[in-house]
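One structure is given here, and the rest of the page talks about it.
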Amino acid sequence: MPLVVAAVPEHPLMAAYPDGGAVSSAALAGHRLIGLQHVIGMRAVLERLCAGAGFRPQVVFEAAASDALARLAARDLGVGVGVGVLPGPGPHPGLRALTLADPRARARAALVRRAQGPLGPAARELLGRLREELRAGRRMRGRNRAGARVSCAGRRGSRCARR
1 MPLVVAAVPE HPLMAAYPDG GAVSSAALAG HRLIGLQHVI GMRAVLERLC AGAGFRPQVV
61 FEAAASDALA RLAARDLGVG VGVGVLPGPG PHPGLRALTL ADPRARARAA LVRRAQGPLG
121 PAARELLGRL REELRAGRRM RGRNRAGARV SCAGRRGSRC ARR
């Protein structure tokens with residue numbers, strides 16, 4: 001999934017891109033950043049992107065989930081860096097989001113669920129967003145429970161295939 005940066009519309013980074021669009025990793029230099037915790041793996045992605053742009057990120061807050069990251073950014077505590085499902089039309093309408101232009105600015109998304117029973121609200125939302133990504137023609141790769149590599153291409157009628 002693509003990575004985005006999110007902040008209040010008045011933030012200098014957002015003001016520099018009034019028409020939206022994509023922002024380079026280098027544009028994050030000098031800004032207070034809100035990242036996701038190391039255990040999620042997103043922090044390592046952020047650090048690699050910033051190192052590739054020639055600077056060390058100034059992470060002032062770490063959030064355990066995208067929703068917490070969005071709440072911190074909505075309070076103008078920094079620029080949130082998270083997956084493309086942030087912030088959306090959901091509970092944080094005061095945020096603006098820009099896509100990170102770096103092709104390495106991608107994250108893995110996974111949904112683990114019980115074989116039987118209904119999905120909870122968060123899992124339903126994630127599954128819906130993942131399906132949208134596939135319908136839009138984006139590729140997804142990963143490993144199944146047995147450790148086999150799996151690739152899903154978002155083409156009409158396609159299925160996930162073992163490789």
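Residue numbering for the sequence shown is 1 to 163, as defined by the UniProt record's numbering.
All C-beta atoms in this analysis are idealised placements derived from N, C-alpha and C, irrespective of residue type, glycine included.
As the structure is a computational prediction, the values presented were derived from the model and not from experiment.
Top-ranked residue by Cα proximity to residue i, from the options
i, options, result
"P57", "A26, A15, G41", "A26"
"L77", "V5, G20, L126, R32", "R32"
"V8", "G20, G120, A122", "G20"
"V23", "R114, I34, D102", "D102"
"L46", "V4, R114, A70", "V4"
"R104", "H11, A51, E10", "A51"
"G41", "P18, S66, V60", "S66"
Per DSSP, the bridge partner or partners of residue i
i, result
"L119", "None; L119 has no bridge partner."
"Q58", "R32"
"V4", "G82, T99"
"A16", "None, per the DSSP bridge assignment."
"A22", "T99"
"A63", "L36"
Contact belief for residue i with residue j at Cβ below 8 Å, rounded distance in angstroms
i, j, result
"A29", "F55", "4 Å"
"R43", "L49", "No, R43 and L49 are not in contact; Cβ-Cβ is about 11 Å, not under 8 Å."
"L69", "G82", "5 Å"
Beta-carbon proximity list for residue i, same chain, < 8 Å, skipping 5 on both sides
i, result
"E62", "I34, G35, L36, Q37, H38, R43"
"A122", "none"
"M14", "A7, V8, R96, L98"
"A115", "none"
"V60", "R32, L33, I34, L77, G78"
Own chain residues within Cβ distance below 7 Å of residue i, not counting five before or after
i, result
"R131", "none"
"R113", "L119, A123"
"R75", "none"
"A64", "Q37"
Same chain only: Cβ atoms within 6 Å of residue i, ignoring 5 sequence neighbours per side
i, result
"A53", "S25, A26"
"R156", "Only weak support exists for where R156 lies, its pLDDT of 44 falling under 50; the value from the coordinates is given anyway. Closer than 6 Å at Cβ, skipping near neighbours: no residue."
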